[in-house]
Amino acid sequence: MDFMCEQGWICEGCLMIDAYGWGIKGATCVLAINGSGGAVLVEAAHRKSAPHVLRELKRGDVKWILVTHRHIDHAGGVASMLRAFPEAKAAGHPVTLKNLEDPSKINEVTGRVWGELADFMDPVEDIGRLVALVDGDVVEVGGGVNVEAVHTPGHSSDHYAYYCSEHELIYLGDAGGLLSCSTSTVIPASFPSSFNFGEYLRSLDKLLGYEPKVVVFAHFGAVVGNDVSRIIEKCAETLEEWRRLAYELDASTLADELKKKYLEKFILFDAKTRNLMFDMLAAGLVNAVKKES
Ligand SMILES: [Zn+2]
Numbered sequence: 112m113d114f115m116c117e118q119g120w121i122c123e124g125c126l127m128i129d130a131y132g133w134g135i136k137g138a139t140c141v142l143a144i145n146g147s148g149g150a151v152l153v154e155a156a157h158r159k160s161a162p163h164v165l166r167e168l169k170r171g172d173v174k175w176i177l178v179t180h181r182h183i184d185h186a187g188g189v190a191s192m193l194r195a196f197p198e199a200k201a202a203g204h205p206v207t208l209k210n211l212e213d214p215s216k217i218n219e220v221t222g223r224v225w226g227e228l229a230d231f232m233d234p235v236e237d238i239g240r241l242v243a244l245v246d247g248d249v250v251e252v253g254g255g256v257n258v259e260a261v262h263t264p265g266h267s268s269d270h271y272a273y274y275c276s277e278h279e280l281i282y283l284g285d286a287g288g289l290l291s292c293s294t295s296t297v298i299p300a301s302f303p304s305s306f307n308f309g310e311y312l313r314s315l316d317k318l319l320g321y322e323p324k325v326v327v328f329a330h331f332g333a334v335v336g337n338d339v340s341r342i343i344e345k346c347a348e349t350l351e352e353w354r355r356l357a358y359e360l361d362a363s364t365l366a367d368e369l370k371k372k373y374l375e376k377f378i379l380f381d382a383k384t385r386n387l388m389f390d391m392l393a394a395g396l397v398n399a400v401k402k403e404s
């Protein structure tokens, strides 16, 4: 298994672009997959990510912007990307599209959770350019390059990962967890309020069925090799462990436990943001336990 922790070409025709989420290097990424008739962008990242992405993207013939789910660090850049690429359409789960059309609710929730770190989403004005995908739908960009939508709920109900058979590549979004690339550590993305244990684990299982050779984490990096499934299995194992803890502990004790174990080992974002992140992950876990019982 090789970890690719910097922006660059992760396989022939696939460029991983650092989208500088929250203004931080290596926090979010957008993947460009090139076909003979144009390019697919997987993910749009934040609204403020657009200049970073557009600078790196050398070709202007983007045909599709595929969105993993409604959260603003993934869907926030769609309106800007559609403006930059007049021929492109944006596609995703119907619930994701509803939020792109009217982001008032997701902006309100984000403001409450992230405070000054929130980067609010603009609505997509031309809703005729939004295309609803169902599980298994495929978009094509020529030269045998197809990208399939894989419904992977758990992090959120509207989550899709995207599979490219040509490159045996899966863009995991948040379905495969969060990767600390430099320390090869992966943890589940159990943020409140939509996180669901059973669905998350079933989605990980579904992703393993694709037997990918390349997996890309929205936060952040790519893992390449014949044994990349191991990183998805690790995420599932960690989630089982966290689920057991969530049944025993309240949210603040659980957050302390997670920080003790991961704060130094999990190097994504700065220390202040990581602290806030583990508080949220713990709250999501405890909330999910309440929903189960
Ligand atoms: Zn998310």
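Positions 112 to 404 (the numbering used here) are the ones given, in order, by the sequence shown. Built from N, CA and C at the ideal position, the CB exists for glycine as well.
Do you know how far the Cα of residue j is from the Cα of residue i?
| i | j | result |
| --- | --- | --- |
| leucine 152 | leucine 319 | 23 Å |
| tyrosine 131 | glycine 284 | 15 Å |
| valine 339 | cysteine 116 | 15 Å |
| valine 252 | lysine 401 | 44 Å |
| leucine 315 | aspartate 246 | 15 Å |
| tryptophan 133 | leucine 360 | 31 Å |
| phenylalanine 114 | aspartate 237 | 39 Å |
| proline 299 | alanine 229 | 22 Å |
Opposite residue i in the DSSP bridges: which residues?
| i | result |
| --- | --- |
| aspartate 129 | Cys140 |
| valine 258 | Val250, Cys275 |
| serine 301 | In DSSP, serine 301 forms no bridge with anything. |
| leucine 289 | Ile298 |
| alanine 243 | Gly203 |
Could you work out which residue in the options is closest to residue i when comparing CA atoms only?
| i | options | result |
| --- | --- | --- |
| arginine 240 | Asp269, Ala300, Glu227, Ser191 | Ser191 |
| valine 178 | Ala199, Arg170, Lys169 | Ala199 |
| arginine 181 | Trp175, Val189, Lys174 | Val189 |
| valine 224 | Ile183, Thr294, Pro197, Val335 | Ile183 |
| tyrosine 358 | Lys383, Phe389, Ala393, Leu379 | Ala393 |
| glutamate 154 | Glu403, Lys371, Tyr274 | Tyr274 |
| glutamate 227 | Asp233, Pro234, Val235, Asn218 | Asn218 |
| methionine 232 | Asp113, Lys159, Leu126, Leu387 | Lys159 |
| threonine 384 | Leu396, Pro234, Lys370, Gly395 | Lys370 |
TODO: Kindly provide the ranges of any beta strand (DSSP E) runs that are 3 or more residues long and lie completely inside the segment 303 to 383, ordered along the chain.
DONE: Counting whole runs of 3 or more residues, the segment 303 to 383 contains the beta strand (DSSP E) stretches 325 to 328, 332 to 335.
Open item on the list: Using 8 Å as the cut-off, can you tell me whether the segment 163 to 170 makes contact with the segment 202 to 210, which would need three or more C-beta pairs spanning the two stretches below that distance?
Closed with: The segment 202 to 210 and the segment 163 to 170 do not touch, with fewer than three beta-carbon pairs separated by less than 8 Å.
- [ ] Please confirm if the segment 324 to 342 is in contact with the segment 360 to 373, defined as three or more CB-CB distances below 8 Å between the two stretches.
- [x] Two segments are said to touch when three or more pairs of C-beta atoms, one from each, lie closer than 8 Å; by this definition the segment 324 to 342 does not touch the segment 360 to 373.
Task: Segment contact flag, the segment 135 to 153 with the segment 344 to 355, C-beta cutoff 8 Å, min 3 pairs - done: Counting Cβ pairs under 8 Å, fewer than three are found: no touch.
Task: Ranges of the alpha helix (DSSP H) found wholly within the segment 166 to 233, counting only runs of at least 4 - done: The qualifying runs are 183 to 186, 189 to 195, 205 to 212, 215 to 225.
TODO: May I ask you to verify whether the segment 375 to 388 touches the segment 269 to 287, counting CB pairs closer than 8 Å and requiring at least 3?
DONE: Flag = no, the segment 375 to 388 and the segment 269 to 287 do not touch.
TODO: Flag this pair as touching only if the segment 134 to 142 and the segment 259 to 270 have three or more C-beta atom pairs under 8 Å; answer yes or no.
DONE: The segment 134 to 142 vs the segment 259 to 270: no contact.
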